[in-house]
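So the structure is just underneath, and the comments pick up after that.
Number of protein chains: 2
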Amino acid sequence: MTKKRQMSGRTVAELVTHLGRIAHGEGFVDDLTPAQWSALRYFSGANRFSRAPSAFAEYHGTTRGTASQTIKSLVSQGYLIRRRSEADGRSAHLDLTDKAKAILADDPSLTLMQAAGALSTAARRHLANVLERMLGHVALEHGKRPFGMCISCAHLKGDGCCREGKPPYECGFLGEPLDEAELEQLCVNYEAGKASAVKHAFSRAALR
Amino acid sequence: MTKKRQMSGRTVAELVTHLGRIAHGEGFVDDLTPAQWSALRYFSGANRFSRAPSAFAEYHGTTRGTASQTIKSLVSQGYLIRRRSEADGRSAHLDLTDKAKAILADDPSLTLMQAAGALSTAARRHLANVLERMLGHVALEHGKRPFGMCISCAHLKGDGCCREGKPPYECGFLGEPLDEAELEQLCVNYEAGKASAVKHAFSRAALR
DNA sequence: AAAATTAGTATCGTTTCGCTACTAATCTGC
DNA sequence: GCAGATTAGTAGCGAAACGATACTAATTTT
Chain A
99 MTKKRQMSGR
109 TVAELVTHLG
119 RIAHGEGFVD
129 DLTPAQWSAL
139 RYFSGANRFS
149 RAPSAFAEYH
159 GTTRGTASQT
169 IKSLVSQGYL
179 IRRRSEADGR
189 SAHLDLTDKA
199 KAILADDPSL
209 TLMQAAGALS
219 TAARRHLANV
229 LERMLGHVAL
239 EHGKRPFGMC
249 ISCAHLKGDG
259 CCREGKPPYE
269 CGFLGEPLDE
279 AELEQLCVNY
289 EAGKASAVKH
299 AFSRAALR
Chain B
99 MTKKRQMSGR
109 TVAELVTHLG
119 RIAHGEGFVD
129 DLTPAQWSAL
139 RYFSGANRFS
149 RAPSAFAEYH
159 GTTRGTASQT
169 IKSLVSQGYL
179 IRRRSEADGR
189 SAHLDLTDKA
199 KAILADDPSL
209 TLMQAAGALS
219 TAARRHLANV
229 LERMLGHVAL
239 EHGKRPFGMC
249 ISCAHLKGDG
259 CCREGKPPYE
269 CGFLGEPLDE
279 AELEQLCVNY
289 EAGKASAVKH
299 AFSRAALR
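If you read the sequences in order, they're chains A and B. Sequential numbering from 99 applies to the first sequence in my numbering. Sequential numbering from 99 applies to the second sequence in my numbering.
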């Protein structure tokens, strides 16, 4: 019984790593290395609180030094623009240039996105949900932050309704207003929440 | 519409690569490098037709040269045993030593397996199924073989019933008999089978 | 104001890995 | 059969990735 569970857990784990590796494998496209592609992808999807070198380092599972190196090369190649943080003089913000946005259309991991896109909407949502839970489990075990979207974050406040002087959404952790487009960006400060919403989406997908 | 589909496909793709990287990240355990752990895992799960350097190279998304190097180090450390193939003088077979089997209990990607194991049986099976489909899609796109288990392979013949002189299962591609334990091992020659067969095999395996 | 913490960078040495070249065994076509 | 092509595996080189350490500068703590 336990053995069987172990067994198919192993199968799933192998599928995940294999899939990740294969999709990531064809890396050296358009003169960018796999690590550089990862960084570009990260800065493309991260929200404004998370577009810093150390956040990327943590996301990418590497050291700040390595991350710094990757970022430096992207800045020198004109894919990222570095900007000092006004709030904290130590921090730096990285933003994508138009050149970067253009080249992301050739992202080598596009086939993986397409493979996911080929699934039914329900299956895809279910999949995202399950993977998110697994990520939470693994991140917790490794003492890392899971990185998730505001849309399913415990810190999210607000209901999208505009009241006078109030933003439609807000991050309860940072006390910062959020607009709708930001809800689906990655954040370092993500904390798993909304168990009910999760379960709801989950059971719905399972019926498919 | 299409944009939204793209969007959440991207989310899923990112989850997969992130999960793979995080779990794989904590790699340098017990004096083995991440690549060596991968190899060990591969040779632990691959069937006897697939335990060759080139098969591992393809699975691991790398070149034969690199794979050869990784394997060499494992052999010299006493984790793998090299054996010449009698059928094909060019080929080599690698088998795990007891030392390797013992160390696999410390597999750094164990947390990922546990995260998968924490799911419900139905969710896990569904997940494996979906990931398998995605892998097929990606592998096809990249011109690589998807590597799967006999249990859901189009080449599998037989129904598990022992008739006189006939093995319970057989690989229709290689014309080789298969025993039950081999049905859940990885094979290079895997080819996606009919969806109905997949479902059947899966539900049967679940009962085991 | 001193000490501790944090963000980021620089540098070094190891490891990984793609690439090319090579050997040896097997397969193909004439 | 036999010459040429193909395939399995290895060797070695150079580039890239990355962990580790050490460092600067800004911020927070006490």
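Note that the Cβ used here is the ideal one computed from N, Cα and C, for glycine as well.
Alpha carbon to alpha carbon, how far is residue 280 of chain B from residue 265 of chain B?
Rounded to whole angstroms, residue 280 of chain B and residue 265 of chain B show a C-alpha spacing of 13 Å.
Under 8 Å by beta carbon: chain B residues contacting residue 120 of chain A
The answer, in chain order, is 159, 233, 236, 237, 240, 242.
Establish whether the CB of residue 223 of chain A and some CB of chain B are separated by less than 8 Å.
Interface residue, yes.
Using the DSSP secondary-structure output, state which residues sit across from residue 269 of chain A in a beta bridge.
A:254, A:274
Confirm, please, whether the CB-CB distance from residue 120 of chain B to residue 240 of chain A is below 8 Å.
yes
Distance between residue 212 of chain A and residue 135 of chain A (C-alpha atoms, nearest Å)
17 Å
Interface flag, residue 253 of chain A vs chain B, CB-CB below 8 Å:
Judged by the 8 Å Cβ criterion, residue 253 of chain A is not in contact with chain B.
Taking 8 Å as the CB-CB limit, is residue 297 of chain B close to chain A?
Low confidence applies to residue 297 of chain B: its pLDDT is 42, below 50, so where it sits in the model is not reliable enough to give any reading.
For the ligand ZN, is there any heavy atom lying closer than 7 Å to the beta carbon of residue 186 of chain B?
The ligand ZN is absent from the structure shown, which contains no ligands of any kind.
Quick check on DSSP: helix, strand or coil for residue 264 of chain B?
Correct three-state label for residue 264 of chain B: strand.
Given residue 152 of chain B, which residues of its chain have a CB within under 6 Å of its CB, disregarding the five upstream and five downstream residues?
Taking C-beta separations shorter than 6 Å and ignoring five residues to either side along the sequence, the partners of residue 152 of chain B in its chain run 162, following chain order.
Using a Cβ cut-off of 8 Å (strictly closer), state whether residue 110 of chain A contacts chain B.
yes
Excluding the five sequence neighbours on either side, which residues of its own chain have a C-beta within less than 6 Å of the C-beta of residue 220 of chain B, listed in chain order?
none
Taking 8 Å as the CB-CB cut-off, is residue 283 of chain B touching chain A?
no
Measuring CB atoms only, is the segment 161–180 of chain A touching the segment 195–211 of chain A, in the sense that at least three cross pairs come out at less than 8 Å?
yes
If you reduce the DSSP assignment to three classes, tell me which class residue 181 of chain A lands in.
strand
DSSP three-state label for residue 163 of chain A, please.
Here residue 163 of chain A sits in helix by DSSP.
In chain B, which residues lie with their C-beta within 8 Å of the C-beta of residue 385 of chain A?
Lying outside 99 to 306, the shown extent of chain A, residue 385 of chain A is not represented and no answer is given.
Apart from the five residues on each side of it in sequence, which residues of its chain come closer than 7 Å, Cβ to Cβ, to residue 234 of chain B?
244, 290
Straight-line gap, residue 108 of chain B to residue 214 of chain A (C-alpha atoms, nearest Å):
If you draw a straight line from the Cα of residue 108 of chain B to the Cα of residue 214 of chain A, it comes to about 8 Å.
Can you look up residue 204 of chain B in the DSSP assignment and give me helix, strand or coil?
helix
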